[in-house]
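Following: one structure in structure tokens, then a few remarks.
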Amino acid sequence: MTKIPLAVLISGNGSNLQALIDASAAADFPAQIVLVISNQPDAYGLTRAKEAGIPTAFISHKDFITREAFDRALSDMIEAYGGEIICLAGFMRVLSEWFVKRYEGRLLNIHPSLLPKFKGVDTHARALEAGETEAGCTVHWVATEVDSGDILAQARVPVLAGDTAQTLAARVLKEEHRIYPEVLKQVCADRLANRQ
Ligand code: GAR
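Residue 6 is where the sequence shown starts when you use my numbering, and the numbers rise one by one after that.
Here it is, written out as structure tokens:
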């Protein structure tokens, strides 16, 4: 089966990356991860990728003077491995307009809130602080404005009495791991169908 080559960008634990690795192991999954890039050297996601036999790269944003210069290095690496769809999976850097335009329609993100609520960081603490009764996550196309872009899927979870940012994050993460592979599967299947 033809598969879309996928690059995944991470900064940390990589549990969403793991969900994508696990899903893409299925013979009928229409994408194959060809590269995992981290901007943090000790990101556990790099270990996850290595254990799955996936090529990895570490590129430090600190080595570049401008945001775009870093993004061009990311892009060079993605191109070298033939990445066609890019998944941000806990990648904690704002991307330049240059990068977002370059990968328009090919760049996906997962965000731990029900966008457009709680863009940015500390989403769970802010949801609790605001007295929300439900929380969730969003998979969306990346647009130049941070945490905006067309929404592809959302999953909702209840906020429970006694929740902390950690307990809420764990409940939301479970849903992240479910919807990100689902959306990716659909996006890649559509892309393959449009080629024929
Ligand atoms: C996930 O909750 C993801 O949605 C969030 O970071 C976490 C990464 O966890 N992403 C963002 O906040 C992006 N703005 P993981 O490394 O275990 O996948």
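From the three backbone atoms N, C-alpha and C, an ideal C-beta is built for every residue, glycine too.
Under the 10 Å beta carbon count, residue 99 is surrounded by fewer than 16 other beta carbons and is classified as exposed.
Of the candidates 112, 140, 196, 53, the residue whose Cα lies closest to the Cα of residue 176 is 140. When only Cα atoms are considered, residue 41 and residue 118 end up about 24 Å apart. The beta carbon of residue 105 is closer than 8 Å to those of 112, 147, 148, 149 in its chain, skipping five residues each way along the sequence. Taking a 10 Å sphere around the C-beta of residue 63, we find fewer than 16 other C-beta atoms and assign the residue as exposed. Rounded to the nearest angstrom, the gap between the Cα atoms of residue 165 and residue 138 is 8 Å. Straight through space, the alpha carbons of residue 20 and residue 39 are spaced by roughly 17 Å. Around the beta-carbon of residue 29, 16 or more other beta-carbon atoms lie within 10 Å, marking it buried. For residue 43, the shortest C-beta to heavy atom distance toward the ligand GAR is 7 Å or greater. For residue 50, the enclosing alpha helix (DSSP H) starts and ends at 49-56.
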